[in-house]
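**Q** Pasting a structure here, questions to come.
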Amino acid sequence: MVVENNFIISIMSILFKTVSSNEQVKGNQQIVEYCMIFLVKIVNTPDTLAYIYSSKFDNIDFSQFVIYLVRDCPIKEYRDCCKKYLAILCRSYNTRASILPPANYILQILITGYPFNSNIVGSNMEYFNLLTELMELTLQNQTPEILEFFKKFIQLVWVEVLNRKGDSSELFKDTDQILAGSLDVLTTYYQSVNDKDDVQNMISKVFHYCVYDRNNSHTLKCLTPTTRKSAFSLLKVLIKDNPNTHIDIITLLQCYLSEVLDIQKDKTLARIERRDEFFFLTPDLRYSVLNTPDQMVTDSNVLRVLPEIKKMFSHLQESERQYYDPTEFLVNWSQLAKIDIIQQQDAEEFYNLLTEQIEHELLATQQQNFIERVFKGQLHRQISCSTVANHKSSGLEDITSLSVDIDKKKNLYDALVGFFEGETIRDYKCPECDKLVEVTKSFSIKTLPQTLLIVLKRFRFNASTLQREKICDRFEYPTF
Ligand SMILES: [Zn+2]
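Numbering (our numbering), first residue to last: 713 to 1192.
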């Protein structure tokens, strides 16, 4: 017993001398690692644990020692190594003994050393990594005492998150590390504990204080990729298993396009983005929009979408900025079209709605009938009866786009061939035979529009599941 205890004291002393020497001497990294391995090997009985909990090494006690190893030690490699082996110690210890298991004990030490309201010079990431790992471990066994303890702690962490200022520099500074770490602590907690009574409020706090400030009413906290990532992880955990909150988060996201892809909740917005691009890439439409007089454009009672599109296009054409934030357009557009953003919307439907609205607004300008002028073409429709060769009917159809089937088609050429080949329709009433027959319905082009828009039908009906499914096969089309 005494031999073991003396050994522990020696190991701890060597370890502390090594990690606290500011110079990073070659070979020291290995000394740190071996000391930690010895500790894990030796400290595995209630007696050795009791001893290590209560001992002092070079005048510091075990809790100060732990905090120094993972939080205050200036050398990252050492912090990393100590963090790793402390976690192993906590995971490998058998909890049957009467003494407090190291996971709980070390977790308490870490929580006591939480950098509330302060900036610890150095790094806090290893500290937070160990803290969240031990939280996960401890929360596997959710006794009322443990839950009560965490509830109080988590409230303090919320206060910390709301009081802490973020940093916008690329350097991952202390304050930012504490912010990211605190968000991770919240994420870990809500992942393990079902304590989401106030979830709407929590989502709104994280969203408005951490990732998106719509009214510029306060300073945004998460300004670097790391903190934003932590905030979005927390949002994901908060909305999980709470279908009602999806609507909240999507409403919030509606105003914040650039993060949409991160959460992958809303496909419609991504489409809107691509539609804008498409319109911009149609030179005639771009010039028309840009040519609408400003005076008219500012009269927002009549014009809701056009002014926003004009702004957007002006930016795309004239500005050197790498991006454009279409928030205003989206807000106006979604109010106007009453888009249900949970519903997946067909690209073609969306296109039709938007062109209709643009056309409507262009009526008030010199650019009226524009959409028609640019996109309108005509198809010649022919229906041939299969029983009598000269039973034919035909007519003209106006189009603003061609919708082609792409299922089992290799490229656009094949898809267009398929479109013009026509289709066979059964049980069609031929007016001349006056009975149900099989007919062939086909189209040919009567007039081509200035710009032909081709819509790829990306859905097929799966007969075995009786559901529509999206086609994700490779499809080639010419690029210019
Ligand atoms: Zn017929």
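Every residue, glycine too, gets a C-beta built ideally from N, C-alpha and C.
From a predicted model like this one, the values you see are computed outputs, not experimental measurements.
Within the chosen definition, does the region 1142–1151 reach the region 1080–1099 through at least 3 CB pairs nearer than 8 Å?
**A** yes
**Q** Using the C-alpha atoms, what's the distance from I726 back to E709?
**A** Absent from the model: residue 709. The displayed extent of the chain is 713 to 1192, so no value can be given.
**Q** Are I1183 and D1119 touching if we call contact CB-CB under 8 Å?
**A** yes
**Q** Assuming G878 contacts M837 (C-beta within less than 8 Å), just tell me the rounded distance between them.
**A** Separation of the CB atoms of G878 and M837 is rounded to 16 Å, and the pair is thereby denied contact status at 8 Å.
**Q** Determine which residues share a DSSP beta bridge with G1107 and list them.
**A** R1093
**Q** Beta carbon of Q1090, beta carbon of K1104: below 8 Å?
**A** Not in contact: Q1090 and K1104 (Cβ atoms no closer than 8 Å).
**Q** Determine the DSSP secondary structure at I890, reduced to helix, strand or coil.
**A** helix
**Q** Would the region 915–922 and the region 849–867 be scored as touching if the rule is three or more Cβ pairs under 8 Å?
**A** At 8 Å Cβ cutoff, the stretches do not touch.
**Q** Does the beta carbon of E1144 fall short of 7 Å from some heavy atom of ligand 1?
**A** Answer for E1144: yes, Cβ within range of ligand 1.
**Q** What number of angstroms, rounded off, separates the C-alpha of E1135 from the C-alpha of R1172?
**A** 16 Å
**Q** Could you pull the DSSP bridge partners for S1154 from this structure?
**A** Q1094
**Q** Can you give me the Cβ contacts of Q1069 inside the same chain, cut-off strictly under 6 Å, excluding the 5 residues immediately before and after it?
**A** V1017
**Q** If you draw a straight line from the C-alpha of L798 to the C-alpha of V782, how long is it?
**A** 9 Å
**Q** Tell me, please, which residues DSSP counts as bridged to K1169.
**A** D1117
**Q** Quick check: what's the CA-CA separation for K795 versus T855?
**A** 26 Å
**Q** Quick check: does the Cβ of T1099 come within less than 7 Å of any heavy atom belonging to ligand 1?
**A** Ligand 1 has a heavy atom closer than 7 Å to the beta-carbon of T1099.
**Q** If we ignore side chains and look at the alpha-carbon of each, how far apart do S881 and T936 end up?
**A** Between S881 and T936, the C-alpha separation is close to 7 Å.
**Q** Just the Cα atoms here: how many angstroms apart are L973 and C934?
**A** With a pLDDT of 34 at L973, under the threshold of 50, the predicted position of this residue should be treated as unreliable, though the coordinate-derived value follows. Their Cα atoms are separated by approximately 18 Å.
**Q** Tell me where the alpha helix (DSSP H) around R791 begins and ends.
**A** Where R791 is concerned, the enclosing alpha helix (DSSP H) stretches over 788–804.
**Q** Can you tell me whether C922 is helix, strand or coil according to DSSP?
**A** helix
**Q** Bridge partners for F769 per DSSP, in chain order?
**A** For F769, the beta-bridge partners assigned by DSSP are I772.
**Q** In whole angstroms, give me the CA-to-CA distance for F1187 and L1178.
**A** 24 Å
**Q** Could you check the C-alpha separation between F1131 and L1065 for me, to the nearest Å?
**A** 24 Å
**Q** So what's Y1140 in DSSP terms, helix, strand or just coil?
**A** strand
**Q** Using only the alpha-carbon positions, how far apart do I1166 and S1113 sit?
**A** 6 Å
**Q** Going by DSSP in three states, Q783 sits in which element: helix, strand or coil?
**A** Before going on, a small fix: residue 783 reads as Arg here, not Gln. Under the three-state reduction of DSSP, R783 is assigned to helix.
**Q** Pull up the CB-CB distance for L801 and V752, whole angstroms please, since I reckon it's below 8 Å.
**A** 5 Å
**Q** For K768 and Q912, what's the separation of their Cα atoms in angstroms?
**A** 47 Å
**Q** N816: which of C793, I951, E845, D792 sits nearest, CA to CA?
**A** E845
**Q** Near H1072, what residues of its chain come up, given a Cβ to Cβ distance below 7 Å and the 5 sequence neighbours on each side ignored?
**A** none
**Q** Helix or strand or just coil, what does DSSP make of E716?
**A** helix
**Q** Ordered along the chain, which non-local residues of its own chain (more than five positions away) have a Cβ less than 8 Å from that of D1117?
**A** Excluding positions up to five away in sequence, the list reads A1127, G1130, F1131, K1169.
**Q** Measure from the alpha carbon of V897 to the alpha carbon of each residue in D910, V949, D1185, A762, then state which is nearest.
**A** V949
**Q** Buried or exposed: P814, going by 16 or more other Cβ atoms within 10 Å of its Cβ?
**A** buried
**Q** Buried or exposed: which applies to A943, given that a residue is buried once 16 or more other Cβ atoms fall within 10 Å of its Cβ?
**A** buried
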